[in-house]
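Visitor: Position one of the sequence shown corresponds to residue 1 (UniProt numbering), numbered consecutively onward.
Cβ atoms here follow ideal geometry from the backbone N, Cα and C, with glycine treated the same way.
I'd like to ask some things about the structure below.
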Amino acid sequence: MDRDPKFTIWIITLNRQIHKDEDALCVKYIDAKSQKKAMNIADRSEAFRFVMAQLLPRLVMRNRNYNRPPTQWYYNTNSSAKEYYSCPQENKVFGFSTAWSESIITIASSFGRKSQVVNIGMEVMQLVPRNVPAREYTEAFAHKLTANERTLLDSSPQDDVILRRLCIILTVKSAYVKALGQPLGFDYGRIDCDIPHETIRIDGKPLKGWEFRLFKANLGVVRKGLLIEESYQCSTAMYRGLDKTVFIWEEDAKAMASWCHFIPIDTVLQSLQPPTPKQDQKATP
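Structural data, given as structure tokens:
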């Protein structure tokens, strides 16, 4: 048995404004329930990010060619409501997790036995304090932080260090919660991240068996005719079943290229074709 199934990350970059016809094209590919949810999102930029996140699992499966065409894979959830795709003719499943923030939409995915790949989570967070001092920005997330985490942030000397540590803590927690399939209201205060010592405690007990991968995503985005650099903290969580939990800090762009792929939105849009009526279901595109 493969004890360490590989996983892939796609990062879709929104490096320009999205036009209405492009938005409408993507909406045609998602199921009716997701279409309705997208229409109820007032912020159309946020709605487009949501739509793309619904599209990504099928696009990855089509690109990776997991033994069967995407139309033979079906959306499922386990007892904890964790999403995955399965195929009746296969003894393996497609596990995934999506996340988005401002100019990026991401998906972490893996293909293997259900017990190995279903518990995968990803989160991203832009490294920008919304025009407020970092310490004041941190207070907005106080309800998600433990006393130990707040002590770590309070001891940080510079705003950029505070912000990076805050984003690491929050994305690690969110990736873990999403990997479990827990609801949005999960109490983050139950999770204590000791980043300097690379340990995590849940309700005071050491977390074992998990792999956390952390890296920054930097990209150039055109805003009002100007090229602006944006940075994002990215974290993934995947259950590996080991006797300990490990943190992997990725900084080498060349090494990351084998499993982390940056894809411009134009490339994604060019790959789409008008769907047929039969494709208007959860198993599309």
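Within 10 Å of its beta-carbon, does Y84 have 16 or more other beta-carbons around it, so buried, or fewer, so exposed?
Guide: Translated into the one-based positions of the sequence shown, residue 84 becomes position 84. Result: buried.
Visitor: Using the three-state DSSP reduction, which class does L242 fall into: helix, strand or coil?
Guide: Here residue 242 corresponds to residue number 242 of the sequence shown, with the count starting at 1. Reduced to three states, the DSSP call for L242 is coil.
Visitor: Could you give the C-beta distance for I11 and F262, rounded to a whole number, given that I count them as a contact under 8 Å?
Guide: One-based indexing of the sequence shown puts residue 11 at position 11. One-based indexing of the sequence shown puts residue 262 at position 262. Sure, about 5 Å apart at Cβ, within 8 Å.
Visitor: Measure the alpha-carbon distance for Y239 versus P5 and round it to whole angstroms.
Guide: The residue given as residue 239 occupies position 239 in the sequence shown. The residue given as residue 5 occupies position 5 in the sequence shown. Each residue's alpha carbon lies about 11 Å from the other.
Visitor: What is the DSSP secondary structure of H143, counted as helix, strand or coil?
Guide: Mapped onto the sequence shown, residue 143 falls at position 143. Helix, per DSSP.
Visitor: Start and end of the alpha helix (DSSP H) containing K254?
Guide: Here residue 254 refers to the residue found at position 254 of the sequence shown. Unbroken alpha helix (DSSP H) run through K254: 253–256.
Visitor: Return helix, strand or coil for Y29, following the three-state DSSP convention.
Guide: The residue labelled residue 29 in the question sits at position 29 within the sequence shown. Y29 falls in the coil class under three-state DSSP.
Visitor: Got a sec, what are the start and stop residues for the alpha helix (DSSP H) D266 sits in?
Guide: If you number the sequence shown from 1, residue 266 lands on position 266. D266 -> alpha helix (DSSP H) spans 265–271.
Visitor: In terms of DSSP beta bridges, what is K216 paired with?
Guide: If you number the sequence shown from 1, residue 216 lands on position 216. BP columns for K216 point to Q233.
Visitor: Can you tell me whether DSSP reads N131 as helix, strand or coil?
Guide: Stepping through the sequence shown from its first residue, residue 131 is reached at position 131. DSSP places N131 in coil when its eight states are reduced to three.
Visitor: For A72 and S101, which I take to be in contact (beta-carbon distance under 8 Å), what is that distance rounded to the nearest angstrom?
Guide: In the sequence shown, counting from the first residue as 1, residue 72 sits at position 72. In the sequence shown, counting from the first residue as 1, residue 101 sits at position 101. Per the sequence shown, the amino acid found at residue 72 is Gln instead of Ala. Not quite, the Cβ-Cβ distance comes to about 32 Å (not below 8 Å), so this is no contact.
Visitor: If we ignore side chains and look at the alpha-carbon of each, how far apart do F50 and A38 end up?
Guide: By one-based count along the sequence shown, residue 50 stands at place 50. By one-based count along the sequence shown, residue 38 stands at place 38. Cα to Cα, the separation comes out at about 7 Å.
Visitor: K205 by DSSP, collapsed to three states: which one?
Guide: Position 205 of the sequence shown, counted from the first residue, corresponds to residue 205. Here K205 sits in strand by DSSP.
Visitor: Tell me whether Q233 is buried or exposed, calling it buried when 16 or more other Cβ atoms sit within 10 Å of its Cβ.
Guide: Here residue 233 corresponds to residue number 233 of the sequence shown, with the count starting at 1. It is buried - the Cβ of Q233 has at least 16 other Cβ atoms within 10 Å.
Visitor: List the residues that DSSP assigns as beta-bridge partners of F111.
Guide: Here the question's residue 111 lines up with position 111 in the sequence shown. Under DSSP, F111 shares a beta bridge with F94.
Visitor: Going by DSSP, what residues sit across from L14 in a beta bridge?
Guide: Within the sequence shown, the letter at position 14 stands for residue 14. Paired residues: none, contrary to the question.
Visitor: Distance check for E123 and D2, CA to CA, integer angstroms please.
Guide: For the purposes of this step, residue 2 is taken as residue 2 along the sequence shown, with counting starting at 1. For the purposes of this step, residue 123 is taken as residue 123 along the sequence shown, with counting starting at 1. Residue placement at D2 is poorly supported in this model, since its pLDDT is 48, which falls under 50; the coordinates are not used for a value here.
Visitor: Flag this pair as touching only if the segment 83–99 and the segment 173–184 have three or more C-beta atom pairs under 8 Å; answer yes or no.
Guide: yes
Visitor: Answer with buried or exposed for Q54, where buried requires no fewer than 16 other C-beta atoms within 10 angstroms of its C-beta.
Guide: Residue numbering aside, residue 54 sits at position 54 when the sequence shown is read from its first letter. Buried is the call here.
Visitor: According to DSSP, is G189 helix, strand or coil?
Guide: Here residue 189 refers to the residue found at position 189 when the sequence shown is read from its first residue. DSSP places G189 in helix when its eight states are reduced to three.
Visitor: Could you work out which residue in C193, I248, T236, Q270 is closest to T8 when comparing CA atoms only?
Guide: Numbered from 1 along the sequence shown, position 8 holds the residue referred to as residue 8. With respect to the C-alpha of T8, the residue from C193, I248, T236, Q270 having the closest C-alpha is T236.
Visitor: So if DSSP puts C260 in a beta bridge, which residue, or which two residues, is it bridged to?
Guide: Along the sequence shown, read from residue 1 onward, the residue named residue 260 stands at position 260. Paired residue(s): I9.
Visitor: If you run the structure through DSSP and keep just helix, strand and coil, what is A175?
Guide: The count along the sequence shown starts at 1 and reaches residue 175 at position 175. Helix at A175.
Visitor: Is the CB-CB distance between I202 and R190 below 8 Å?
Guide: What you label residue 202 is simply residue 202 of the sequence shown in a count that begins at 1. What you label residue 190 is simply residue 190 of the sequence shown in a count that begins at 1. Going by C-beta atoms, I202 is nearer than 8 Å to R190.
Visitor: Flag this pair as yes or no: are the beta carbons of T146 and D192 separated by less than 8 Å?
Guide: As a working note, residue 146 is residue 146 in the sequence shown. As a working note, residue 192 is residue 192 in the sequence shown. Result yes, Cβ atoms of T146 and D192 sit closer than 8 Å.
Visitor: Taking only three categories from DSSP, how would you classify V124?
Guide: For the purposes of this step, residue 124 is identified with residue 124 of the sequence shown, where counting begins at 1. V124 falls in the strand class under three-state DSSP.
Visitor: Would P133 and D159 qualify as a contact pair, given that the criterion is a beta-carbon distance under 8 Å?
Guide: To locate residue 133, count along the sequence shown from 1; it is residue 133. To locate residue 159, count along the sequence shown from 1; it is residue 159. Yes, they are a contact pair.
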